[in-house]
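S.K.:
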Amino acid sequence: MKTHIEPRRYLTRFDLPYFPHVVTDVLILGAGAAGLRAAIEAAKYANVLVVTKDALSESNSEYAQGGIAAAIGPGDQPRLHVDDTLTVGAGLCNEQVVRMVVEEGPRVIDELIGWGAEFDRERGKLLLAREGGHPRQRIVHARGDATGAELMRTIRHRISDEHRIRIAENAFAVDLLTQNRSCYGAVIYDRAYGTMIVWAKYTILATGGLGQLYRETTNPAVATGDGLALAYRAEARLTDMEFVQFHPTTLYVAGASRSLISEAVRGEGGVLRDGDGDRFMLQYHPDAELAPRDVVSRSILQHVKKTGDTNVYLDLTAMPPGYVAKRFPGLAQICRNFDIDVASDMIPVRPSAHYMVGGVEADMQARTNIDRLCACGEAACTGLHGANRLGSNSLLEALVFGRIAGWTAGEASAKSQPSILPLSLSPTTDSSQHREIDLADVENSLRSLMWRQVGIERDSSGLQRASDRIDFWCSYTMDKYFSTTRGCQVQNMLTVAKLAVLAALGRQESRGVHVRVDFPETDDARWRKHITFQRGNSDETAG
Ligand SMILES: Cc1cc2nc3c(=O)[nH]c(=O)nc-3n(C[C@H](O)[C@H](O)[C@H](O)COP(=O)(O)OP(=O)(O)OC[C@H]3O[C@@H](n4cnc5c(N)ncnc54)[C@H](O)[C@@H]3O)c2cc1C
Numbered sequence: 357m358k359t360h361i362e363p364r365r366y367l368t369r370f371d372l373p374y375f376p377h378v379v380t381d382v383l384i385l386g387a388g389a390a391g392l393r394a395a396i397e398a399a400k401y402a403n404v405l406v407v408t409k410d411a412l413s414e415s416n417s418e419y420a421q422g423g424i425a426a427a428i429g430p431g432d433q434p435r436l437h438v439d440d441t442l443t444v445g446a447g448l449c450n451e452q453v454v455r456m457v458v459e460e461g462p463r464v465i466d467e468l469i470g471w472g473a474e475f476d477r478e479r480g481k482l483l484l485a486r487e488g489g490h491p492r493q494r495i496v497h498a499r500g501d502a503t504g505a506e507l508m509r510t511i512r513h514r515i516s517d518e519h520r521i522r523i524a525e526n527a528f529a530v531d532l533l534t535q536n537r538s539c540y541g542a543v544i545y546d547r548a549y550g551t552m553i554v555w556a557k558y559t560i561l562a563t564g565g566l567g568q569l570y571r572e573t574t575n576p577a578v579a580t581g582d583g584l585a586l587a588y589r590a591e592a593r594l595t596d597m598e599f600v601q602f603h604p605t606t607l608y609v610a611g612a613s614r615s616l617i618s619e620a621v622r623g624e625g626g627v628l629r630d631g632d633g634d635r636f637m638l639q640y641h642p643d644a645e646l647a648p649r650d651v652v653s654r655s656i657l658q659h660v661k662k663t664g665d666t667n668v669y670l671d672l673t674a675m676p677p678g679y680v681a682k683r684f685p686g687l688a689q690i691c692r693n694f695d696i697d698v699a700s701d702m703i704p705v706r707p708s709a710h711y712m713v714g715g716v717e718a719d720m721q722a723r724t725n726i727d728r729l730c731a732c733g734e735a736a737c738t739g740l741h742g743a744n745r746l747g748s749n750s751l752l753e754a755l756v757f758g759r760i761a762g763w764t765a766g767e768a769s770a771k772s773q774p775s776i777l778p779l780s781l782s783p784t785t786d787s788s789q790h791r792e793i794d795l796a797d798v799e800n801s802l803r804s805l806m807w808r809q810v811g812i813e814r815d816s817s818g819l820q821r822a823s824d825r826i827d828f829w830c831s832y833t834m835d836k837y838f839s840t841t842r843g844c845q846v847q848n849m850l851t852v853a854k855l856a857v858l859a860a861l862g863r864q865e866s867r868g869v870h871v872r873v874d875f876p877e878t879d880d881a882r883w884r885k886h887i888t889f890q891r892g893n894s895d896e897t898a899g
């Protein structure tokens with residue numbers, strides 16, 4: 357598919373003689389579950405440098421609540437978990453990848469327990485929760501709704517023993533260094549030391565998702581899609597960019613950050629009501645609150661349009677006294693901050709952008725089309741999720757493909773020569789004729805536009821308007837060299853937004869999380885295939 361955006365190859369203003377140079381075997385961009393799991397594996401073979409643009413604690417992984425899906429419950433089997441994943445993926449999953457990831461599930465849980473993860477148990481047995489799209493108890497969780505925090509505590513503790521892993525916080529990856537479709541590391545802007553060139557035999561992209569492209573999102577501030585933009589500039593293939601998943605139940609209180617309210621809450625009996633107290637989900641799907649999350653998000657949207665309200669309510673008042681505070685302590689605490697008592701009050705909720713299904717195309721070894729560049733976690737598109745993600749499959753994917761990416765990069769780099777190459781990075785002289793701009797204003801405008809026109813329901817005219825508006829903003833933003841990471845981040849957001857809009861315009865059907873009101877049917881004959889972008893060379897490929 358043609359993009360009509362050709363951002364310049366490097367956002368960096370190169371002045372090589374003055375940049376510090378750092379050399380490592382494996383460079384990992386991102387320190388969430390995928391990046392750190394990759395680091396543990398790569399360090400068995402090689403020296404590893406992990407960079408993350410903020411504090412180590414800032415990642416989607418850290419904030420994950422519900423848990424990790426694994427077929428370990430009584431009567432459950434990987435075969436059933438595979439079937440559920442394929443059903444939700446709506447015809448676009450890669451079945452071989454689904455099988456591989458799902459079969460790894462029980463081993464992943466054992467490994468984490470072996471590293472000291474304290475998952476919730478009753479009388480010694482792991483407690484398993486149920487979520488939408490999983491017809492059985494399958495979700496391993498920790499401290500009620502703090503699974504991500506426990507997972508990341510465990511992985512960071514495991515890494516603290518590894519003398520071959522170095523971690524640089526507040527180090528922003530600006531661009532991948534490539535020549536002839538081979539990757540040699542990245543340009544990093546370190547808050548303490550400024551711009552530096554990191555040369556690596558292998559680079560792993562694990563920069564997570566893009567929720568911050570939307571005004572309403574569950575994602576923390578770091579999730580701005582940087583990795584997708586820098587991969588695109590480096591001619592990596594990006595796939596399935598139209599599939600953005602919206603989480604149905606995010607706390608909707610003015611002044612509160614959009615805290616996600618885990619699906620597990622509905623799995624344990626929470627019901628959705630409108631302002632009149634009606635349990636409206638029964639009108640929309642036989643599984644009501646436990647329908648797949650895209651169905652619940654869309655139903656909420658349709659219902660608030662019908663009633664004229666801004667939000668609906670989550671009702672937990674039928675749960676036994678004290679149960680919510682014990683099972684979901686994080687949720688109870690956040691609600692208390694706004695004087696909402698989960699035992700007696702209804703909780704105002706509405707959907708928000710949650711998970712990027714598409715990303716940088718990666719094969720079963722986590723390799724991309726760029727030699728020496730791997731991708732894993734939410735930044736990657738491995739084919740596990742297809743057109744929609746089954747809840748709690750993403751942490752599993754991050755851990756499975758993180759290990760694989762670490763192995764691929766670590767093992768190969770142990771056998772290869774150091775990779776400092778005389779890349780032709782000529783110093784930059786040209787500069788923009790446009791005046792300084794208010795970056796916060798561009799960013800906020802983009803986030804509102806994406807929410808309005810590229811949200812849960814899309815149509816041709818809204819998407820076309822979004823595309824034109826982004827082109828206009830790009831015309832005076834993309835030609836600048838910014839001395840701050842904020843500027844690069846906005847350029848990345850514009851790049852990724854444009855790809856998501858074009859993919860959404862291109863897919864003239866509804867499938868999974870991509871809902872076109874002007875093409876409400878799923879059209880297998882024309883669209884059981886992927887839309888792929890590669891700078892200068894884009895296409896559609898069979899699913
Ligand atoms: C609130 C919430 C709840 C969730 N609950 C669940 C759940 O219960 N179960 C489940 O399976 N999934 C859940 N998810 C999704 C899941 O958390 C993510 O898909 C998964 O954690 C992604 O891991 P990752 O390592 O790929 O990315 P992340 O954990 O997001 O890590 C990305 C890393 O990249 C860094 N980074 C980004 N850009 C740059 C840059 N330019 N330079 C340097 N570093 C950069 C970030 O700082 C961060 O360290 C949830 C997500 C959210 C937001």
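Be aware that the sequence shown starts at 357, since it is given in the numbering used here, and climbs by one per residue.
The beta carbon of each residue, even a glycine, is placed where N, CA and C say it ideally should be.
As the structure is a prediction and not an experimental result, all values here were calculated from the model.
Any chance the CB of LEU569 is under 7 Å from a heavy atom of ligand 1?
M.R.: The answer is no for LEU569.
S.K.: Rounded C-beta distance between GLY862 and ILE887? I'm assuming under 8 Å.
M.R.: That belief holds up - the Cβ atoms of GLY862 and ILE887 are roughly 5 Å apart, short of 8 Å.
S.K.: Roughly how many angstroms lie between the CA atoms of ALA856 and MET597, to the nearest whole one?
M.R.: Looking at the two C-alpha atoms, the distance is approximately 5 Å.
S.K.: Nearer than 7 Å: is that true of the beta carbon of LEU687 relative to any heavy atom of ligand 1?
M.R.: Flag unset: Cβ of LEU687 not near ligand 1.
S.K.: Would you report the Cα separation of GLY391 and ASP634, rounded to the nearest angstrom?
M.R.: For GLY391 and ASP634, the distance between alpha carbons rounds to 44 Å.
S.K.: With a 10 Å radius around its C-beta and 16 neighbouring C-beta atoms as the bar for buried, classify SER708 as buried or exposed.
M.R.: Buried, by the Cβ-count rule.
S.K.: How would you label ASP582, buried or exposed, when you count the other beta carbons within 10 angstroms and need 16 or more for buried?
M.R.: By the neighbour-count rule (16 or more Cβ atoms within 10 Å), ASP582 is buried.
S.K.: Which residues bound the alpha helix (DSSP H) around THR833?
M.R.: Run containing THR833: 816 to 833, per the alpha helix (DSSP H) assignment.
S.K.: If we count the other Cβ atoms within 10 Å of its Cβ and call it buried at 16 or more, is PRO704 buried or exposed?
M.R.: Counting Cβ neighbours within 10 Å, PRO704 comes out buried, since at least 16 surround it.
S.K.: Taking buried to mean at least 16 other C-beta atoms within 10 Å of its own C-beta, is TYR374 buried or exposed?
M.R.: Exposed: under 16 other Cβ atoms inside 10 Å.
S.K.: Please state whether the Cβ-Cβ distance between ARG728 and TYR558 is less than 8 Å.
M.R.: Yes, these two residues count as a Cβ contact at 8 Å.
S.K.: Which of the three DSSP states, helix, strand or coil, is assigned to ILE511?
M.R.: Three-state result, ILE511: helix.
S.K.: Which same chain residues end up closer than 7 Å to GLY472 when comparing Cβ atoms and leaving out the 5 residues on each side of it in sequence?
M.R.: So the qualifying residues of the chain are THR510 and HIS513.
S.K.: Taking all protein chains shown into account, decide if ARG814 is buried (16 or more other Cβ within 10 angstroms of its Cβ) or exposed.
M.R.: Buried: at least 16 other Cβ atoms inside 10 Å.
S.K.: Output needed for ARG393: all residues of its chain with C-beta closer than 6 Å, excluding positions within five of it in sequence on either side, in chain order.
M.R.: Excluding positions up to five away in sequence, the list reads LEU755, GLY758 and ARG759.
S.K.: How many angstroms separate the CA atom of ALA425 from the CA atom of ILE495?
M.R.: Approximately 5 Å between the Cα atoms of the pair.
S.K.: Determine the burial state of GLN568: buried for a count of at least 16 other Cβ atoms within 10 Å of its Cβ, exposed for fewer.
M.R.: Result: buried.
S.K.: Apart from the five residues on each side of it in sequence, which residues of its chain come closer than 8 Å, Cβ to Cβ, to LEU533?
M.R.: The answer, listed in chain order, is CYS539, TYR540, GLY541, ALA542, VAL543, ILE553, TRP555, LEU779 and LEU781.
S.K.: Contact criterion: CB-CB distance below 8 Å. Does ASN693 meet it with respect to chain D?
M.R.: Although the question refers to chain D, the structure presented lacks it and comprises just one protein chain.
S.K.: Quick one: is GLY470 buried, meaning 16 or more other Cβ sit within 10 Å of its Cβ, or exposed?
M.R.: Label assigned to GLY470: exposed.
S.K.: Using a threshold of 7 Å, is the CB atom of ASP466 nearer than that to any non-hydrogen atom of ligand 1?
M.R.: It does not: the Cβ of ASP466 is nowhere closer than 7 Å to a heavy atom of ligand 1.
S.K.: Are ASP848 and LEU586 closer than 8 Å when you measure CB to CB?
M.R.: Note that residue 848 is Asn in the sequence shown, not Asp. A contact, by the Cβ cut-off of 8 Å.
S.K.: What is the DSSP secondary structure of LYS481, reduced to helix, strand or coil?
M.R.: Correct three-state label for LYS481: strand.
S.K.: Should PHE636 go down as buried or exposed, given a rule of 16 or more other Cβ atoms within 10 Å for buried?
M.R.: Per the 10 Å Cβ criterion, buried.
S.K.: Taking the beta carbon of ALA898 as the centre, do at least 16 other beta carbons fall within 10 Å, making it buried, or is it exposed?
M.R.: Any reading at ALA898 must be qualified, since the residue scores a pLDDT of 49, below 50, and its modelled position is unreliable; the value itself is stated next. Looking at its Cβ environment, which holds fewer than 16 other Cβ atoms inside 10 Å, ALA898 is exposed.
S.K.: Hey, would you say the C-beta of ASN749 is under 7 Å away from at least one heavy atom of ligand 1?
M.R.: Indeed, a heavy atom of ligand 1 lies less than 7 Å from the Cβ.
S.K.: Can we count GLU799 as close to ligand 1, meaning its CB is less than 7 Å from some heavy atom?
M.R.: No, since every heavy atom of ligand 1 falls outside the 7 Å radius drawn around the Cβ of GLU799.
S.K.: On the premise that HIS641 lies in contact with VAL651, defined as a C-beta separation below 8 Å, what is that separation, rounded to the nearest angstrom?
M.R.: About 5 Å; that satisfies the 8 Å criterion.
S.K.: What I want to know is whether the C-beta of TYR419 ends up closer than 7 Å to one or more non-hydrogen atoms of ligand 1.
M.R.: At least one heavy atom of ligand 1 is nearer than 7 Å to the Cβ of TYR419, so yes.
S.K.: Going along the chain, which unbroken runs of the beta strand (DSSP E) with 3 or more residues stay wholly within the region 425 to 484?
M.R.: With a minimum length of 3 residues, no continuous beta strand (DSSP E) run stays inside the region 425 to 484.
S.K.: With a threshold of 7 Å (Cβ to nearest heavy atom), would TYR558 be considered close to ligand 1?
M.R.: It does not: the Cβ of TYR558 is nowhere closer than 7 Å to a heavy atom of ligand 1.
S.K.: Under three-state DSSP, which class holds GLN890?
M.R.: Three-state result, GLN890: coil.
S.K.: Taking only three categories from DSSP, how would you classify PRO363?
M.R.: DSSP places PRO363 in coil when its eight states are reduced to three.
S.K.: What number of angstroms, rounded off, separates the C-alpha of ARG884 from the C-alpha of GLY447?
M.R.: For ARG884 and GLY447, the distance between alpha carbons rounds to 7 Å.
S.K.: Please report the straight-line C-alpha distance between ARG364 and TYR837, rounded to a whole angstrom.
M.R.: Each residue's alpha carbon lies about 11 Å from the other.
S.K.: On the three-state DSSP scale, how would you describe GLY899?
M.R.: Note that GLY899 scores a pLDDT of 47, beneath 50, so its modelled location is shaky; the value from the coordinates is reported in the next line. In this structure, GLY899 counts as coil in the three-state DSSP scheme.
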